[in-house]
Structure formats: C-alpha cells, structure tokens
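To keep things clear, I will list the structure first and then write my remarks on it.
Protein chains: 2
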Amino acid sequence: MAAKESLKQKAYHAIKEKIITCEYAPDAMLNEEALREELHVSRTPIRDALSRLEQEGLISILPKKGVVVSGLSIHDINLIFEVRLLYEPYALLHYGSNMKDEVIYKYFDAFSTPVQNFSKDEYFSLDDTFHVNIVETIQNPYLLKTYDWIHNQNLRFRVMTGQLVDYRLEKTTEEHLKIVTACLKHDWELAAKEMEAHLLASKNATFDLVLRNKNTENQKEK
Amino acid sequence: MAAKESLKQKAYHAIKEKIITCEYAPDAMLNEEALREELHVSRTPIRDALSRLEQEGLISILPKKGVVVSGLSIHDINLIFEVRLLYEPYALLHYGSNMKDEVIYKYFDAFSTPVQNFSKDEYFSLDDTFHVNIVETIQNPYLLKTYDWIHNQNLRFRVMTGQLVDYRLEKTTEEHLKIVTACLKHDWELAAKEMEAHLLASKNATFDLVLRNKNTENQKEK
DNA sequence: CCTGTTTTTGTTGTATACAACAGTCTATTT
DNA sequence: AAATAGACTGTTGTATACAACAAAAACAGG
Chain A
1 MAAKESLKQK AYHAIKEKII TCEYAPDAML NEEALREELH VSRTPIRDAL
51 SRLEQEGLIS ILPKKGVVVS GLSIHDINLI FEVRLLYEPY ALLHYGSNMK
101 DEVIYKYFDA FSTPVQNFSK DEYFSLDDTF HVNIVETIQN PYLLKTYDWI
151 HNQNLRFRVM TGQLVDYRLE KTTEEHLKIV TACLKHDWEL AAKEMEAHLL
201 ASKNATFDLV LRNKNTENQK EK
Chain B
1 MAAKESLKQK AYHAIKEKII TCEYAPDAML NEEALREELH VSRTPIRDAL
51 SRLEQEGLIS ILPKKGVVVS GLSIHDINLI FEVRLLYEPY ALLHYGSNMK
101 DEVIYKYFDA FSTPVQNFSK DEYFSLDDTF HVNIVETIQN PYLLKTYDWI
151 HNQNLRFRVM TGQLVDYRLE KTTEEHLKIV TACLKHDWEL AAKEMEAHLL
201 ASKNATFDLV LRNKNTENQK EK
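Below is the structure:
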C-alpha cells in the first residue's frame, strides 16, 4: 500500500506526522534542504508537501526566509472549539440518524467501562474516533476538510499538554456517556445539547492545561 | 501591487479566474504544457498553482493522465447550500453585532432601490458582497477558508446559469431587505431566520435554473 | 568604539532535463 | 481477418541547476 504512494504523498504524510507529534515543534524553523536529506528525496516532492501543509495551516512559508511550523496560541483554542461547537452538535442534530445502532452500542459499552481499563493511548484514540465518527456522518467534503484541519491542530494541543496528565478522564467519560445515551434514545436534540456542554467543558479544560503548561515553562526559564 | 506577486501566485489567480468564469469549463481537460504556454512561465509555478487549486476542489489531478476541471452537479448545490445554511445564519446570530451600522444602512439603501437601477453585474456584485460581508464577521480563518471555496463554486454555478436570466431579482431583493431590516433592529435571531428562508428559496431557484439549463442542453443535442 | 557599507551566506523561486507510466496505435503473426 | 505484442505518444512525477532576494556578518572609515 505504502509502496504505491508517490514521493510527494510520502513526504506530505511524513512531515505532517512529525508536526502533529510535535517532533517539529510549534514555531520551529524547517527548511527544504534539511527535509530533503531527512527523507532522501529531492526538493520537488518536499515543495509539493510543504505547499499543501501551508494550505492546511500547519506551516507558513516565508519567501526567501524559511518555513516555520505554525504556533499554537490561546487564540487557536477558541478557533478550534468554535468549529467543533458549530459542527459536532449540527452533525448529531441532522445526521445522527445515519449512525448505525451497533456503532452507538459499541461506544456505550466502551464509555461504561471504568477508564482504568484503558491505556492512555487507547483512551485518546477512543475519544478521537468517537468525535470523528459523529462528524463524518455529515459527508459534506467541504465541512469534513475543515474538520480535519482543526482535528490535526487539536491533536497538537493534546501532544503538547494532555499527553502528560490524566486530567478529566472521568468527567469526559461521563459526558460521553450522556451523549451516547441520548443517541440510543434517538433524541438528537438532547444529544446535540449534551455535546455542546461537553465541548464547552473540554474547551475550558484545554485552556487550563495550556495555561498551566505556560506557567511551568516560565518556571523552567528562571 | 500585482508586480510584487510571485509567478506562482499570478498563475494561481489566473487559472482560478478562468475556472470561475468557466473559460475553462467544468469537466474540461487542462494540461501543464498548454497552461505554461498560455501564461508564459515554466512548469514549476504552474504546478504550484494546480496543486493549490486541487486542494480547493476546483480541479482534480489525475496522475499520468491529466488535469480535469471539477464538474458541477446537482449534488454540489446541496453541498454548497448546506455550508451556506450552516454559516450564514450562524454569523448573523453570533457576530451580527460586529457589523457597523453604516454598513447595514448602505445595504438598506441599496436594497430599497428598484432593481432596474442596477446593471446585472452591479446587482450580482452587490448580492455577493452582502453575503460575504456577513460571513466575514466570523473572523475564524478555518471557517472563512471553507466559505471561500464554496463561494467560488457558487460563482461558477452563477456563470453557468444565472448569467443568462434575471430570474428572481425582485424576490431576492425583498428577502435581502427583510434580513437588513432585522439587522437594523439588532434582532439577530430574526435576521438569522430570514437568512435561512432566503437561502432555502435561493437553493430551490438554483436547482430550477440548473435543471432548466440541462434541458436546453439536451434540446440542443437533438 | 561605533557606524555605515559591502560581502557573504542561506533561503526559497524558477526553469528545465529526464524518468516513469498509462493509453493508443501499428505491425506482425497466426 | 483477428489477436497480440511492442513501440510510440502524451502526460505528470522527480531531480537538479541557476536566479533572486533577504538577512547576517565582516570590514573599513570615522
């Protein structure tokens, strides 16, 4: 499968992966030459990949200066959650009925299990696929593309902050369970409402985490 | 200003313009060589531009085969208006208060004038900037980027169909006036509701136009 | 020591040559 | 005449050389 990928696709996925995992940290400078050596391809596929990543907002290309990985600021949290708050309740309200009951049951079971039964990675990916599954019911490629971008940005925030702490796992599970329960009843208005509440709580928690993170960074500098 | 544009930006804007005006028609095949000669630049800026246009959904690049301008189907109308129906009422509801009263007055005056006083181009651009102004109050770059895409697609539909007919101009003006009146009262809920009604009507009209267009095409073939 | 200028270095922008591949057409064989 | 193999054509993918520019560094003059 990966063998049939063109070099520009390989370069795109490789660089994107490293940005999302923060191996290339926010505000870090990249340059084509270094990437070229790292990936063992010529500049052309690298440039294709960078141009695409710039479109997606993960990097900025500064002509004649270099490439910089997009920073993550408090303001970005607002932007990300504005999109999520707009899309995710909308998906439940209008397309919730497209979800298969078996899928809903799967999540009901998962969120009924004590969080201790999951490794941190498992729990993150469970959380992730839950929200993605809901949004993907929309099927509109324009909306899904936007969601994919902010999803990537959200992952970067997680790597930067949440990786460390197992903060709010119980609360998150409770809120997810409320959403799933509403879905089981096919009460999509309630599900959308619960989703909104969950996202608002999650947004505040992200704010807290980022601020706390900033503080510890400042302490390190002293 | 245009002098400082890089060649890849010039190529991007030039090709995009020609796609939107349907000089490069939907489903038409392009190729880098022809574009290269037409714009008098080398393949590199062309490729940059094409890659970006592909991201925006205006073209598809088929490896080793060619470049095809994205088609416009009935289904695309649904996709476009789904985004508009989600964003435009949202903008009024949450950010209407960001609009300056003088701007609202400007549109009030414009939509109070008989449509006969405008040329068709003037009226189209008035309609356009009205909706764009409303959506731009959102300020969220993720949402604005998505809107820009569907806006371009919408323009293509207009060129294909509406260019010919002055259909629904009075109705459109009436509906716009209702929206603007609600804005003047700072009743954003009402404004959002009127916008929703306007978009639904506009969507149906677009369907009609496209279907009518299809029929006349079929007649021509006979 | 400071300041203004020149040179150098590093970066992306652009042009172009070649490779790889898909599809078509032709010639050859049966 | 039909079928098949093979060359041919046209397309994008990839590599690389050179140009243009901006910023930093070195240097000379005061």
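Chains as they are written, first to last, in the working numbering: chain A, 1 to 222; chain B, 1 to 222.
For every residue, glycine included, the Cβ atom is placed at its ideal position computed from N, Cα and C.
On a predicted model such as this, the values are computed, not experimentally measured, just so you know.
What do you reckon, are the CB atoms on residue i and residue j nearer than 7 Å?
i       : j       : result
V132(B) : T173(B) : no
L7(A)   : I104(A) : no
V180(A) : Y107(A) : yes
N98(B)  : T137(B) : yes
Q153(A) : I59(A)  : no
A91(B)  : V135(B) : yes
G66(A)  : N31(A)  : yes
P26(B)  : L72(B)  : yes
V69(B)  : A34(B)  : no
A192(A) : L93(A)  : yes
R36(B)  : R43(B)  : yes
V210(B) : T161(B) : yes
R156(A) : A205(A) : no
F124(B) : L177(B) : no
P45(B)  : E196(B) : no
Y24(B)  : K16(B)  : no
Q55(B)  : Q139(A) : no
E170(B) : H198(B) : no
Just checking: is the beta-carbon of residue i within a distance shorter than 7 Å of some beta-carbon in chain A?
i       : result
E33(B)  : no
Q142(B) : Correcting the residue identity first, residue 142(B) is Tyr in this sequence and not Gln. So yes, Y142(B) belongs to the interface.
L79(B)  : yes
T146(B) : yes
M1(B)   : Because the pLDDT of M1(B) is 43, which lies under 50, any placement of that residue in the model is unreliable, and the number read from its coordinates should be weighed accordingly. So no, M1(B) is outside the interface.
K222(B) : With a pLDDT of 47 at K222(B), under the threshold of 50, the predicted position of this residue should be treated as unreliable, and no value is reported.
S51(B)  : yes
T216(B) : no
Using a Cβ-Cβ distance under 7 Å, would residue i count as near chain B?
i       : result
E82(A)  : yes
D48(A)  : yes
Q55(A)  : yes
I61(A)  : no
I150(A) : yes
L211(A) : no
With residue i as the anchor, note down where its alpha helix (DSSP H) starts and where it stops.
i       : result
S125(A) : K120 to E136
L143(A) : P141 to F157
R43(B)  : R43 to Q55
E38(B)  : E32 to L39
H176(A) : L169 to L184
Q116(A) : Segment: none, Q116(A) is in no alpha helix (DSSP H) and carries neither H nor E.
A14(B)  : L7 to I20
What are the start and end residues of the beta strand (DSSP E) that includes residue i?
i      : result
L72(B) : Looking at the DSSP string, L72(B) is not in any beta strand (DSSP E), and its letter there is neither H nor E.
S60(A) : I59 to L62
- Message: Within 8 Å, do at least three Cβ pairs link the segment 8-15 of chain B to the segment 140-157 of chain B?
- Response: no
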